[in-house]
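Visitor: Let me give you the structure first, and then I'll get to my questions.
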Amino acid sequence: MSEWKEMKLQEVLDFGNGKVKPKNQGNIPIYGGNGILGYGDDSNYSGETIVIGRVGAYCGAVYYENRPIWISDNALSAKPKGKIMPSFFTTS
């Protein structure tokens, strides 16, 4: 018998919306719908985060980060709930 348990994504991940990107330049990656679009001086997510592009040529592209980042309004976030490896969702 398999140890895998079938679950809905909303049971293992908290989804969120990005925000308008910061205006000031810095060293923190800013993610848009097509990946990193620049670097700012503020973050709106930190720790293990999945970034999902929601517009543009790479809509649906998935990225994994484990550092402070800014997710713009052209992307979505997914944060793990409990004991889950978020990197599992970003590999095929």
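The C-terminal residue of the sequence shown carries number 445 in the working numbering, and the numbering is unbroken. All C-beta atoms, glycine included, are put in the ideal place defined by N, C-alpha and C.
#1: State the DSSP-derived secondary structure class of glutamate 359, mapped to helix, strand or coil.
#2: Between which two residues does the beta strand (DSSP E) containing aspartate 367 stretch?
#3: What is the residue span of the beta strand (DSSP E) that valine 415 lies within?
#4: Just the Cα atoms here: how many angstroms apart are proline 382 and serine 430?
#5: Which of the three DSSP states is assigned to serine 396 in this structure?
#6: Do you know offhand how far proline 433's Cα is from leucine 362's?
Guide: This is what the structure holds:
#1: Counting from 1 along the sequence shown, the entry for residue 359 is found at position 6. Glutamate 359 falls in the coil class under three-state DSSP.
#2: Numbered from 1 along the sequence shown, position 14 holds the residue referred to as residue 367. It spans 366-370 - the beta strand (DSSP E) in which aspartate 367 sits, taken as one unbroken run.
#3: Residue mapping note: residue 415 aligns to position 62 of the sequence shown, counting from 1. In this chain, the beta strand (DSSP E) harbouring valine 415 covers 415-419.
#4: Position 29 of the sequence shown, counted from the first residue, corresponds to residue 382. Position 77 of the sequence shown, counted from the first residue, corresponds to residue 430. Cα-Cα distance, rounded: 14 angstroms.
#5: Mapped onto the sequence shown, residue 396 falls at position 43. Residue state, collapsed to three classes: coil.
#6: Here residue 433 is taken as the residue at index 80 of the sequence shown, counted from 1. Here residue 362 is taken as the residue at index 9 of the sequence shown, counted from 1. The straight-line gap from Cα to Cα measures roughly 10 angstroms.
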